[in-house]
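So in full-length UniProt numbering the end of the sequence shown lands on 290, straight run, no missing numbers.
In what follows, a single structure is set out as structure tokens and then discussed.
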Amino acid sequence: MKSAALRALRSARHGAVQPKSVAHKSLPLTLNSLRSSSQHGSSLSLSASRHLYSTPANLQNKSPEQLHDGLGEERKWSTPLAKQLGEAIEATGPVPLASYMRMCLTADIGGYYTGALEEGRDQFGLKGDFVTSPEISQVFGELCAIWYVTEWMAQGRRSKGVELIEVGPGRGTLMDDMLRRFPAMANSIDAIYMVEASPELRVAQKNLLCGEDAPMTESKVGYHSVCKYNALPIVWTETIKSIPIAPEKMPFIMAHEFFDALPIHAFELISVGFLRAHINFLHDTARNPD
């Protein structure tokens, strides 16, 4: 099973040199998220991968937008995401490892989970990078469903107010397997919430759980459709914070193989205390905001 760090690095480095002109509509929002996640304190500046770009040594202090080689050509980035990362570092200085990983995993330009996948590529399965247990056998999802029914019975068999919440649902295979084994508590379920940041995976989950012809509407909460099992309403949200909180509800939360895909902060203990790891250019070792 690949770690989030390996998936992030794969996303940043994947593919050949891209065209010189790339749209960057999400860059201001990305930079804001980088600034908000930065904290004051000591830091350890790591080097960005050499594979992100290729630049002559005598021109390494130029900005990403203005850099040209001796023939007047712009720096050649390995991917649009690599260029976006370079511009973010140039604008804000070295960024925390967690911010770097977050961009690699969920950026809309080449993010591992959220960037548009090229034809024939998939993150999951035999043609992808890793396989999770729901993709191997339906038994795993059915056993999870039995556990949820057991907990529902232990808490008094409530007749309404049950919410099923899955964080990082992948293709929706686990939820599909679980819903086939909920006849005892099906009438108690008010709604199903799928926390998914990827537009492509949201569509894949909707097609599996609701059908390809099922409509999907948008609201302030998220995206809505109707499940093929008992006509239960399904709501897709980008974050778990978007799910309404009500004291009368009974949420059951599934987060299968989700936490290993979260961005992390890295620290090194030295004689004077902890240093937080940042990502920086190899040539930009003098500039450090902390």
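Yeah, the Cβ is synthetic: ideal placement off N, Cα and C, and Gly gets one too.
Paired residues, beta bridge with residue i - DSSP
{"i": "Y193", "result": "I165 and V235"}
{"i": "S225", "result": "I234"}
{"i": "P251", "result": "E163"}
{"i": "residue 297", "result": "A question about residue 297 goes unanswered here, because the residues of the chain that appear run from 1 up to 290."}
{"i": "E87", "result": "According to DSSP, E87 bridges with nothing at all."}
{"i": "L269", "result": "F274"}
{"i": "E218", "result": "Y223"}
Distance CB(residue i)-CB(residue j) smaller than 7 Å
{"i": "G222", "j": "T237", "result": "yes"}
{"i": "S219", "j": "Y113", "result": "no"}
{"i": "M185", "j": "W152", "result": "yes"}
{"i": "Y126", "j": "D176", "result": "Per the sequence presented here, residue 126 reads as Leu, with Tyr not at that position. Contact: no."}
{"i": "H256", "j": "L174", "result": "yes"}
{"i": "R158", "j": "M216", "result": "no"}
{"i": "Q138", "j": "G172", "result": "no"}
{"i": "F124", "j": "E135", "result": "yes"}
{"i": "P263", "j": "A107", "result": "no"}
Integer Cβ distance of residue i from residue j, believed to fall under 8 Å
{"i": "F267", "j": "F258", "result": "The Cβ separation is near 23 Å, so there is no contact."}
{"i": "G86", "j": "T132", "result": "Contact doesn't hold; Cβ gap of about 32 Å is too wide."}
{"i": "M194", "j": "E166", "result": "6 Å"}
{"i": "L105", "j": "A261", "result": "7 Å"}
{"i": "M103", "j": "A88", "result": "7 Å"}
Neighbour-count burial assignment, residue i, 16 or more Cβ in a 10 Å radius
{"i": "P233", "result": "exposed"}
{"i": "F281", "result": "buried"}
{"i": "H278", "result": "buried"}
{"i": "T150", "result": "exposed"}
{"i": "S78", "result": "buried"}
{"i": "I270", "result": "exposed"}
{"i": "V95", "result": "buried"}
{"i": "F130", "result": "exposed"}
{"i": "I109", "result": "buried"}
{"i": "V272", "result": "exposed"}
{"i": "G128", "result": "exposed"}
{"i": "S47", "result": "Unreliable placement is indicated for S47, whose pLDDT of 40 sits below 50; the coordinate value is still reported in the next sentence. It counts as exposed."}
{"i": "L154", "result": "The displayed chain sequence assigns Ala, not Leu, to residue 154. Classification for A154: exposed."}
{"i": "G111", "result": "buried"}
The ligand SAH heavy atom lying under 6 Å from the CB of residue i
{"i": "S188", "result": "This structure lacks the ligand SAH; in fact it carries no ligand of any kind."}
7 Å Cβ cutoff, residue i in contact with chain C
{"i": "E166", "result": "Structure shown: chain C not included; a single protein chain is present."}
>> Between the region 219-234 and the region 179-187, can you find at least three pairs of beta-carbon atoms closer than 8 Å?
In response: Under the 8 Å Cβ criterion, the region 179-187 counts as touching the region 219-234, having at least three qualifying pairs.
> Do the region 195-209 and the region 244-252 touch if we need at least three Cβ pairs shorter than 8 Å?
Replying inline: With a cut-off of 8 Å, the region 244-252 and the region 195-209 do not count as touching, because too few Cβ pairs lie within range.
>> Is it the case that the region 187-198 contacts the region 150-164, given that we only count it when at least three CB pairs across the two stretches are under 8 Å?
In response: Contact between the region 150-164 and the region 187-198 is present, with at least three C-beta pairs closer than 8 Å.
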